[in-house]
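Peer 1: Numbering (our numbering), first residue to last: 21 to 530. Structure incoming, see below.
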């Protein structure tokens, strides 16, 4: 008999494994403490994954497959993959163990040791999910020292013939419409409401409490609003294509206190647990664009495709090329802890209060909230990238290390020194004011650099550049910042830096 292990982020009913029922194959899914405890996760993240796993195991049984499922409180549960596989090997005449290629380095090493631990043949197969393989970075950038996202993105656009015309050129004559996709919501603009599901998770919430699992965040009314199976994920994809795609690109960077999700798809959880395949998501949206060319501009669909075919696949490629050393990088040698209010949202800065509060109640924030609000502040404040990694990995429902750490330690914190991004993504209050309504009702004044009520982002921004001058001033994309800093009157510069020092020394009270 063959024993096949299915991880909680491998819930793809279209995988070749399930194409036919084989009585000689036993499938197993496990709720284990080794996965719930390696970081403090958002309670909605654990609940959603467990709900999705349980639904998937039920679906497999309905298809006729044999399944052994370990709930967290199963008396047999040894709380690790290897331990539970031993339990099954003692119960069944197992001759071989198979598992799908895991996405996290930690789990990859864990499963690679199964052969020695269990004394049985072990085989790894493809997860049949990604458009680029683990070694794609070396394939695309063979012999090169830098890894530009744009080059990676164009390579896979060509490979899969996505938004490519009959002459082999990009649709519309341009590869990238990013410059057109940076608008804030106009006054009185109201996006369509998000498409929400309502899965009660009372049993799982009680189980999490009974087992003493440490979690963060809240789960309002014990309800999960994300899709937990393929049919629901397809519904959400359909809703996005028809209702949100027409303005996705234009407003993908916009932030608003009333519209937390804006025109974003909220498909990342379904994608990252593999309920949906990236290729089908891209194709469905391209199909919608083709059917409504006057309503959906090329910049909307290109912006969406770039998020999936570009960033998502590129981040995974960087991850597998650079781990495990990547997890140790700290370019600026930052050492400060995250402010205490990252776990409560109790700060007078309205942008951070809203972005963190939303993250705690929804397990969600879109990419600009993550990059230019919470990540921006953590970088300006000199927080240790280990702390930032743990916070992002835990708080978001779609966060798995392969996609989280390269976005966080790389793009957001520039802790990799420029592997992912060509410059640090930092800004003063001006950017946040421009792209959101957060500053409208804030305790702090986004136009003041120092003095009573001055927005902390402004002084911390210049303090960051001042203290890291040796590392950054030769960067061609940053030179203008140092020219501006040098043109300041000395008393102005000193007042700004003094204000920043004051905020840094009382950061939990901001």
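The C-beta atom is built at its ideal place from N, Cα and C for all residues, glycine as well.
State yes or no: is the C-beta of residue 183 within less than 8 Å of the C-beta of residue 306?
Peer 2: yes
Peer 1: Apart from the five residues just before and just after residue 28, which ones in its own chain have a Cβ nearer than 6 Å to its Cβ?
Peer 2: 69, 73
Peer 1: So, helix, strand or coil for residue 149, using DSSP?
Peer 2: coil
Peer 1: Please report the distance separating the alpha-carbon of residue 272 from that of residue 265.
Peer 2: 10 Å
Peer 1: For residue 302, which residues in the same chain have their Cβ closer than 7 Å to its Cβ, ignoring the five residues on either side in sequence?
Peer 2: 182, 325, 328, 329
Peer 1: Short of 7 Å in beta carbon distance, which residues of its chain neighbour residue 50, apart from the five on each side in sequence? Order them along the chain.
Peer 2: 90, 101, 104
Peer 1: Could you name the residues of the same chain whose beta carbon sits closer than 8 Å to that of residue 298, not counting the 5 residues immediately before and after it, in chain order?
Peer 2: Exclusion of the five residues before and after residue 298 leaves 149, 150, 151, 291, 328, 329, 332, 333 as the residues of its chain whose Cβ lies within less than 8 Å of its Cβ.
Peer 1: Using three-state DSSP, classify residue 368 as helix, strand or coil.
Peer 2: coil
Peer 1: Just the C-alpha distance for residue 134 and residue 142, rounded to the nearest angstrom, thanks.
Peer 2: 7 Å
Peer 1: Using the beta-carbon count (16 or more within 10 Å), is residue 496 buried or exposed?
Peer 2: exposed
Peer 1: Would you say residue 234 and residue 383 are within 8 Å of each other, going by their C-beta atoms?
Peer 2: no
Peer 1: Which class does residue 61 belong to by DSSP, given the choice of helix, strand or coil?
Peer 2: strand
Peer 1: Please return the same chain residues whose Cβ sits closer than 6 Å to the Cβ of residue 368, not counting the five positions on each side in sequence.
Peer 2: 463
Peer 1: Of all the options 429, 458, 449, which has the alpha carbon lying nearest to the alpha carbon of residue 441?
Peer 2: 429
Peer 1: For the ligand COA, I want to know if residue 510 counts as a neighbour, meaning its beta carbon is within less than 7 Å of at least one of the ligand's heavy atoms.
Peer 2: Looking at this structure, you won't find the ligand COA or any other ligand, since it has none at all.
Peer 1: With a threshold of 6 Å on Cβ separation, who are the neighbours of residue 7 within its own chain once the five nearest residues in sequence on each side are excluded?
Peer 2: A query on residue 7 cannot be resolved here, the shown segment of the chain reaching from 21 to 530 and no further.
Peer 1: Starting from the C-beta of residue 364, find all residues in its chain whose C-beta is less than 6 Å away, skip the five residues before and the five after it, and write them out in chain order.
Peer 2: none
Peer 1: What does DSSP give as the partner residues of residue 158 in its beta bridges?
Peer 2: Paired residue(s): none; residue 158 is not in a bridge.
Peer 1: Quick one: what's got a C-beta closer than 6 Å to residue 3's C-beta in the same chain, skipping five residues either side?
Peer 2: Because the chain spans 21 through 530 in this model, residue 3 falls outside it and cannot be assessed.
Peer 1: Report all residues from its chain with a CB closer than 7 Å to the CB of residue 341; omit the five preceding and five following residues, and keep chain order.
Peer 2: 157, 158
Peer 1: Can you check whether the CB of residue 256 is closer than 8 Å to the CB of residue 92?
Peer 2: no
Peer 1: On the criterion of 16 or more Cβ atoms from any shown chain inside 10 Å, does residue 433 qualify as buried, or is it exposed?
Peer 2: buried
Peer 1: Just confirm the distance between the C-beta atoms of residue 387 and residue 277, as a whole number of angstroms; I'd bet it's less than 8 Å.
Peer 2: Not really, about 18 Å apart at Cβ, beyond 8 Å.
Peer 1: Assuming residue 145 contacts residue 85 (C-beta within less than 8 Å), just tell me the rounded distance between them.
Peer 2: With 8 Å as the limit, residue 145 and residue 85 do not qualify as a contact, their Cβ atoms being about 16 Å apart.
Peer 1: Which first and last residues belong to the alpha helix (DSSP H) in which residue 88 is found?
Peer 2: Per DSSP, residue 88 belongs to no alpha helix (DSSP H); it is in the beta strand (DSSP E), 86-90.
Peer 1: Beta-carbon separation of residue 107 and residue 98 under 8 Å?
Peer 2: yes
Peer 1: Figure out for me which residue from 511, 523, 518, 168 has the closest Cα to the Cα of residue 338.
Peer 2: 168
Peer 1: In whole angstroms, what separates the C-alpha of residue 126 from that of residue 513?
Peer 2: Going by the C-alpha atoms only, they are around 46 Å apart.
Peer 1: Please report how far the alpha carbon of residue 214 lies from the alpha carbon of residue 422, in whole angstroms.
Peer 2: 27 Å
Peer 1: Can you give the Cα-Cα distance for residue 437 and residue 350, rounded to whole angstroms?
Peer 2: The straight-line gap from Cα to Cα measures roughly 8 Å.
Peer 1: Give me whichever residues DSSP pairs with residue 476 in a beta bridge.
Peer 2: Bridge partners of residue 476: none, in fact.
Peer 1: Is the stretch 454-461 in contact with the stretch 279-286, if contact means three or more CB pairs nearer than 8 Å?
Peer 2: no
Peer 1: Could you tell me whether the Cβ atoms of residue 260 and residue 323 are closer together than 8 Å?
Peer 2: no
Peer 1: Less than 8 Å between the CB atoms is what I'm expecting for residue 420 and residue 124, so what's the real figure, rounded?
Peer 2: Yes, residue 420 and residue 124 are in contact; Cβ-Cβ is about 6 Å, under 8 Å.
Peer 1: Rounded to whole angstroms, what's the CA-CA distance from residue 230 to residue 435? Just pull it up for me.
Peer 2: 38 Å
Peer 1: Spatial neighbours of residue 138 within its chain, please: CB distance less than 8 Å, with the 5 preceding and 5 following residues excluded, ordered by chain position.
Peer 2: By the criterion of a C-beta distance shorter than 8 Å, residue 138 is surrounded in its chain by 102, 105, 106, 109, 117, once the five residues flanking it on both sides are discounted.
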